[in-house]
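Heads up: the structure comes next, in structure tokens.
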Amino acid sequence: MAFYTGDLPGEPNLPNDSNISLAQGSFYSNSNASGTSLRKTQSPSKQSTRSYNYQQVQPKNTVSAQQSMQQLAQPQDQVQCQSPQNEKNLVIQNPPLFMCEPFIKTALVKGSYKTIVQIPMYVDHYEWLALNVFEFYNHLNKFYGVIAEYVTPDKYPTMTADPRTEYVWMMPNSRTASLPANQYIEYALNWISNKINDQTIFPTKAGMAFPPSFLKDIKGICRQMFRIIAHIYWNHFEKIVHLSLEAHWISYFSHYISFIREFDLLESKELEPLSMLIDNLEGQGRIIKVENQKH
Numbered sequence: 001m002a003f004y005t006g007d008l009p010g011e012p013n014l015p016n017d018s019n020i021s022l023a024q025g026s027f028y029s030n031s032n033a034s035g036t037s038l039r040k041t042q043s044p045s046k047q048s049t050r051s052y053n054y055q056q057v058q059p060k061n062t063v064s065a066q067q068s069m070q071q072l073a074q075p076q077d078q079v080q081c082q083s084p085q086n087e088k089n090l091v092i093q094n095p096p097l098f099m100c101e102p103f104i105k106t107a108l109v110k111g112s113y114k115t116i117v118q119i120p121m122y123v124d125h126y127e128w129l130a131l132n133v134f135e136f137y138n139h140l141n142k143f144y145g146v147i148a149e150y151v152t153p154d155k156y157p158t159m160t161a162d163p164r165t166e167y168v169w170m171m172p173n174s175r176t177a178s179l180p181a182n183q184y185i186e187y188a189l190n191w192i193s194n195k196i197n198d199q200t201i202f203p204t205k206a207g208m209a210f211p212p213s214f215l216k217d218i219k220g221i222c223r224q225m226f227r228i229i230a231h232i233y234w235n236h237f238e239k240i241v242h243l244s245l246e247a248h249w250i251s252y253f254s255h256y257i258s259f260i261r262e263f264d265l266l267e268s269k270e271l272e273p274l275s276m277l278i279d280n281l282e283g284q285g286r287i288i289k290v291e292n293q294k295h
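The opening position of the sequence shown corresponds to residue 1 in my numbering, with each subsequent residue numbered one higher.
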């Protein structure tokens, strides 16, 4: 069992808006925010002007007062691993639904996401990261919204991914504490929302620069999003299939993994819960292949 600590302190204040209609628009259109205006320059040497605005986004679910975690300190990225010898064989002998056909080959579009994730000419590097992370978060928030009612503390008392992985919190006394999956996810989504809506981190006004810590924040956001994705894949994929959203979901995931690989935003150890899926998609030529990943 691998334990990964979260890094999200504080008590969230979330709106009660968990009902999402499938008629409200596509969950994932593979458009990569083509309708959003980016900050661009006329040439690489000229200054650019911001012309886009991030809409205020909030997670779709609530955390009750009884679930307050005010005593949590800022967790650290610390990993504890236990890998029984037969665990790997168990996964191979009993592949999860998302590794079975036809789902493993389902997609909205064919081909690689390489060209989609690359920075367009004259677009600011941090601007591109900010825009894409904003879009990935919005899509993930919608996906989670349609299954949130099933992520109950009694059914999912811990935040798990594969059978070997649980994501936990570190308390002020340096001891780890397990949280119900819904509470962990809601804290994570709220933390990401606060980051995105913070003008000092994701500036939208002309003349405002990205902070020196921006890349660290981006990596932290991508790490938390992956953990939510891994939980959904391993615990709720059949619900995604029941809603006929599997093509949207796997296309979203392929896009997301290609993006974080293109910009080296996650270490390979974070990707281990979905390494089988990533390897398969890589073999299909649908996601970016990285020869030298960080371990």
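Glycine included, C-beta positions come from ideal geometry on N, C-alpha and C. From a predicted model like this one, the values you see are computed outputs, not experimental measurements.
- Counting other Cβ atoms within 10 Å of its Cβ, T200 stays below 16 and is therefore classed as exposed.
- At the C-beta level, V241 and R261 stay beyond 8 Å of one another.
- Close CB contacts of A230 within its chain, under the 8 Å cut and outside five residues either way in sequence, are with A161, D162, T165, P273 and L274 (chain order).
- Here DSSP, grouped into helix, strand and coil, assigns M208 to coil.
- In this structure, the beta-carbon distance from Y156 to A181 falls below 8 Å.
- The beta carbons of K195 and I221 sit about 6 Å from each other, so the pair counts as a contact at 8 Å.
- Secondary structure within the region 140 to 217: the alpha helix (DSSP H) runs of 4 or more consecutive residues, fully enclosed, are 181 to 196 (chain order).
- N280: member of the alpha helix (DSSP H) spanning S275 to G283, first to last residue.
- Taking a C-beta distance under 8 Å as the contact criterion, M159 and L140 do not qualify as a contact pair.
- The closest CA to that of I232, considering only D217, K219, Y252 and S213, is found on Y252.
- Per DSSP, R261 is one residue of the alpha helix (DSSP H) stretching across E246 to E262.
- Check the Cα spacing between N132 and each of F237, F263, H248 and N94: the tightest is with F263.
- Spatial neighbours of I287 in its own chain (CB-CB distance under 8 Å, excluding positions within 5 residues in sequence) are listed in chain order as S112, Y113, S254, I257, S258, R261, I278 and L281.
- F226 is positioned such that its CB atom lies no closer than 8 Å to that of L189.
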